[in-house]
Structure formats: structure tokens, C-alpha cells
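> One structure is given below, represented as C-alpha cells, and several questions about it will come after.
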Amino acid sequence: MKLGKEDLSKKTTIRIGPVVNWIQIESVEDLSAIDTYKKQFSGQFWIGNGSNLLVSDAAKNLLFISLSGKFNLIEYDGQTVIAGAGVKISTLLDFCIKNGLSGLEWMAGIPATVGGAIFMNAGVGVDCILNHIKSIDCLIDGRIAELREFDFEYRKGIERKILSAKFEFCKTDKAQVYGNFEAARAARIKRQPSGRSFGSIFKNPRGLYAGKLIEECGLKGMTSGGAVISERHANFIINRTGASFDDVYNLILEAEKRVYEKFGIILAREVKIV
Ligand SMILES: Cc1cc2nc3c(=O)[nH]c(=O)nc-3n(C[C@H](O)[C@H](O)[C@H](O)COP(=O)(O)OP(=O)(O)OC[C@H]3O[C@@H](n4cnc5c(N)ncnc54)[C@H](O)[C@@H]3O)c2cc1C
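In terms of the working numbering, the sequence shown opens at residue 504 and continues consecutively.
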């Protein structure tokens, strides 16, 4: 277990954030030690790959908890896959391709960890990660608990401290898994803007697209300092040149205000603002 400092402008995909207190948890034994730091910091924040986060300077006094070591392992006994919460989705997909395991190919290109994806219930179209999970090990009141039944909805997953998950895959031909993965990857490249971002800013309101609503308010290409609302997809903010927290936050507020004024719709944020 290592306690130190990390620069969140290097640890988040939007490349914004202060230097924060950071602890690397490597095993279940380390977990019990986290509590010893409770008084030292104003709070704790479990971080995955930082791909859905916008972090302000106010987070300087928090302790960021990152999983590594044993939480980065994948176990497979020929039937069941158990992945640690720190495993990157890209690593899990490589594993699935090598072993001919189908189910998550649609996640190609989502820069998440297993833990972050379960917390957020990451998804594409009508599918989501929690459709493919049998059980989840979480830390609840200092103890490890296995959740076998859980409620989830669109982009709202299991809001617990997630340690690992047991997946349900379909054993099939490796070439087919690879083909599905490549098709999903290509489709993503086509529809999604490149550049530093945290993915979608807002959840889609039922039956509508947040990006389309923002576009219809004429906000595509709007800038604030170094941040811009993508010309390609209005539900993305891109950190073009050294954007600050405020630059991005101003664009979020503007999009919320303009969509409400024009359509009377309150957009729900998908990005987690810390
Ligand atoms: C280019 C790009 C494309 C994206 N495309 C998609 C997409 O197609 N679909 C989609 O759903 N999302 C997408 N996202 C958003 C993002 O990847 C997902 O929300 C993802 O699930 C976040 O995972 P993470 O590991 O990065 O979590 P983080 O961003 O680090 O954290 C997100 C939340 O999860 C919590 N968390 C993380 N790990 C744990 C843990 N072990 N235990 C408890 N809580 C934890 C954090 O506290 C935080 O509240 C995209 C993002 C980018 C940058």
C-alpha cells in the first residue's frame, strides 16, 4: 500500500485536476488500513480510470483510493471469469478475445475499469455491463459482501465500493469475438469525437438525445477558455488547449441553461463532478 500524491491532470481522461492525496490499495488486507487515514483527510474518493470525472481544486483535501495489485487480476476456471475492480475494460476484452468469450465486445473503446463501469453501469445503446454480471464483491461496513441481486438502470449502477465481479459470458469462436470487437471499435471511431474528454456530459433524457438538444440550442463549437463543445457531437466537451475546471464547468452550466430555456428539459449530468 502506497500513500502519496498524484496529479489528476495526468490521471483523468479530460486531463484536468489538482495534485491530490492518493493511496494505492493492492489487496483486501490493505482495505482495513484505509480507515486509519479517516481523520487526516476531509473524505475519500474511489477512483477507477478517471474517464468520467471533472475534478476541482476543492478535491485537494480528499484521499483518492485507487485499486491495483490483486485487484488487477482476472481469474478464469474455464467456466467463470472473475475480474478485479481495477482491471481495465480493454484488458478484460483482450482476455475475452484470447479465450473466445462473448458478451462485452460492445464495450470496445470505453476507457473504464471494471469498478468504474459497474458503478456507472456503463453502456452503449440498450446494452450495459450489469446485464453481463452474475455477482459483485463489495466492501460494505468494512466487510466484503457478495451481491447476487441488484437493481440498476440506465447509467446508474451499483453505488458501492466495488472490489471484483463475476461475469457471465458465452463461449464461442475467438475470431467471432474479435470480429464483434472490431466492429464495435470502428462504429465508436465513426460516431465519437477524438480528443481529451470525459465521454458524454449528460445522460440522454428518455426518448431523446442530449447531444441533439444541445446542438439545437446552437452550442456546437462554443468555447470557454481552452474547452470547446465538440463540433462533431454536442454531448462532448473537449479540452483543446490547457482547459481549466472552470472553463469546462461554464460550458456545462451554459448547456444546462440553454436546453432548459428552449425545451423546458433539465439535463441530468452523467459526468461526476468532484
Ligand atoms: C472517450 C470516452 C468514451 C466513453 N464512452 C462511454 C460509453 O460508450 N458508455 C458509457 O457508459 N460511458 C462512456 N464513457 C464514460 C466512462 O468511461 C464511464 O462512465 C466509465 O464507466 C467510468 O469508469 P472509470 O473506471 O474511468 O471510473 P472513474 O471515472 O474513475 O469514476 C467514475 C465513478 O465510479 C466510481 N468508482 C470507480 N471505481 C470504483 C470502485 N472500484 N468502487 C466504487 N466506486 C468506483 C468513482 O467514485 C466515480 O463516482 C466514456 C468516456 C470517455 C473518456
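Glycine included, C-beta positions come from ideal geometry on N, C-alpha and C.
What you are looking at is a predicted structure, and each value in this text was computed from that prediction instead of being measured.
If GLY660 sits next to ASN624, beta carbons under 8 angstroms apart, how far is it from one beta carbon to the other, in whole angstroms?
About 3 angstroms separates the two Cβ atoms, so the contact holds.
> May I have the straight-line CA-CA distance separating ILE621 from ILE632, to the nearest angstrom?
If you take the alpha carbons of ILE621 and ILE632, they lie about 7 angstroms apart.
> Check the C-beta distance from ARG658 over to GLY626 and give it rounded, since I have them as a contact under 8 angstroms.
7 angstroms between Cβ atoms; contact.
> Let me make sure I understand the geometry here. Which of PHE544, LYS693, LYS508 and ASP676 has the alpha-carbon closest to that of HIS736?
Looking at the Cα atoms, LYS693 is the closest of the given residues.
> Does any heavy atom of ligand 1 sit closer than 7 angstroms to the C-beta of GLN543?
No, Cβ of GLN543 sits at least 7 angstroms from all heavy atoms of ligand 1.
> Does the Cβ of CYS673 have 16 or more other Cβ atoms within 10 Å, making it buried, or fewer, making it exposed?
By the neighbour-count rule (16 or more Cβ atoms within 10 Å), CYS673 is not buried but exposed.
> Under the three-state reduction of DSSP, which class applies to PHE567: helix, strand or coil?
PHE567 falls in the strand class under three-state DSSP.
> Where LEU650 and SER569 are concerned, what is the direct C-alpha to C-alpha distance, given to the nearest angstrom?
So the alpha carbons of these two residues sit roughly 21 angstroms apart.
> Can you tell me whether SER512 is helix, strand or coil according to DSSP?
SER512 falls in the helix class under three-state DSSP.
> Under 8 angstroms between the Cβ atoms of ASN742 and ARG699?
Cβ atoms of ASN742 and ARG699: closer than 8 angstroms.
> So what does DSSP say about VAL774, is it helix, strand or coil?
Coil, per DSSP.
> Note the first and the last residue of the continuous beta strand (DSSP E) segment covering ARG782.
In the structure displayed, the chain extends from 504 to 777; residue 782 sits before or after that span and is not available.
> Cβ of MET623 versus every heavy atom of ligand 1: is any distance shorter than 7 angstroms?
True, at least one ligand heavy atom lies under 7 angstroms from that Cβ.
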